[in-house]
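Presented below is the structure to which this report refers.
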DNA sequence: AAAGCGGGGAT
DNA sequence: ATCCCAGCTTT
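Here it is, written out as structure tokens:
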């Protein structure tokens with residue numbers, strides 16, 4: 274009997290996802306998107322597919338609440354209408370527009386990115402649409418690469434942020450925490466597995482909806498399970514109630 | 001795997 | 001007082 278090799282995190286995640294009924298994955302997505310169409314907020318970056326605008330919004334939104342970004346987003350795009358305008362400006366002017374937002378490395382990275390990309394790519398300073406290529410740019414990690422691919426180009430790309438990992442793990446693997454390495458791998462595997470078959474509007478909407486559900490219903494502090502489209506199909510509420518019941 | 005990066009808002 | 005937020009980079 275061979276001593277079984279310890280499974281990698283990715284293998285553990287793959288096994289868990291493989292054990293989930295495919296029809297459950299599909300049903301999750303259908304309900305999620307139907308809910309989104311009725312409940313989505315009207316956010317400025319949801320009205321555009323301009324890759325540069327999406328880029329600015331995603332960079333600003335890194336570890337920063339939506340409500341605090343909106344004004345900065347509008348002001349920044351007025352001051353720098355295209356990626357070329359960013360590339361042309363000295364870093365100081367870009368940082369000036371960022372003043373008060375925090376995490377100023379984001380602004381420096383945006384400036385560096387602009388000077389890298391604008392000459393190399395299309396006339397308007399267009400960004401690549403492939404997450405792997407996007408990942409190579411300064412300030413763009415796994416999440417932001419997926420976000421640009423799907424929100425600007427409507428590609429069928431998974432993305433996982435704090436909202437998405439919380440929602441997906443609560444629904445499909447409530448025993449796993451987003452804070453662990455396995456939890457993160459699992460969240461990405463679930464994000465991939467729940468994506469609609471086709472790209473285009475469905476993929477765009479699906480990813481927006483995942484984040485919107487995490488922001489409006491499936492919160493970190495409070496879960497408004499009675500308003501959730503997955504109510505009845507999610508183990509999270511039952512699990513919390515069980516724990517609550519035993520501890521009181 | 002863990003620390004560092006900002007600061008406002010919610011609990 | 002603590003946790004959380006459309007995370008990424010460096011150690």
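In the working numbering, the protein residues as written are 274 to 521.
Every residue, glycine too, gets a C-beta built ideally from N, C-alpha and C.
If residue i and residue j are in contact, beta carbons under 8 Å, what's the gap, nearest whole angstrom?
i: residue 309; j: residue 481; result: 6 Å
i: residue 329; j: residue 316; result: Going by Cβ atoms, the distance from residue 329 to residue 316 rounds to 13 Å, so no, they are not a contact pair.
i: residue 444; j: residue 509; result: 7 Å
i: residue 374; j: residue 333; result: 6 Å
Take residue i and list the residues in its own chain whose beta-carbon comes closer than 7 Å to its own, dropping the five residues that flank it on each side.
i: residue 522; result: The chain is shown from 274 up to 521; residue 522 falls before or after that span and cannot be answered.
i: residue 440; result: 483, 486, 487, 491
i: residue 283; result: 458
i: residue 359; result: 353, 367, 383, 384, 387
i: residue 338; result: none
i: residue 519; result: With a pLDDT of only 43 at residue 519, under the threshold of 50, the placement of this residue in the model should not be trusted, and no figure is reported.
What does a CB cutoff of less than 6 Å around residue i pick up in its chain, not counting 5 residues either side in sequence?
i: residue 331; result: 417, 420
i: residue 425; result: 322, 324, 327
i: residue 504; result: 498
Between which two residues does the alpha helix (DSSP H) carrying residue i extend?
i: residue 299; result: 295-312
i: residue 574; result: Here the chain comprises residues numbered 274 to 521, so residue 574 is not present and cannot be evaluated.
i: residue 361; result: 356-361
i: residue 352; result: 339-352
i: residue 288; result: 282-291
i: residue 455; result: 454-467
i: residue 527; result: The displayed coordinates of the chain run from 274 to 521. Any statement about residue 527 would go beyond what the structure contains.
i: residue 492; result: Segment: none, residue 492 is in no alpha helix (DSSP H) and carries neither H nor E.
Counting only the same chain and skipping the five closest in sequence on each side, list residues whose C-beta sits under 8 Å from that of residue i.
i: residue 451; result: 435, 438, 439, 442, 457, 460
i: residue 342; result: 330, 333, 334, 374
message: Check whether the stretch 406-413 and the stretch 457-477 touch, using three or more Cβ-Cβ pairs below 8 Å as the test.
response: no
message: So within the stretch 370-444, which uninterrupted alpha helix (DSSP H) runs reach at least 4 residues, ignoring any that extend past its ends?
response: 378-393, 404-407, 415-424
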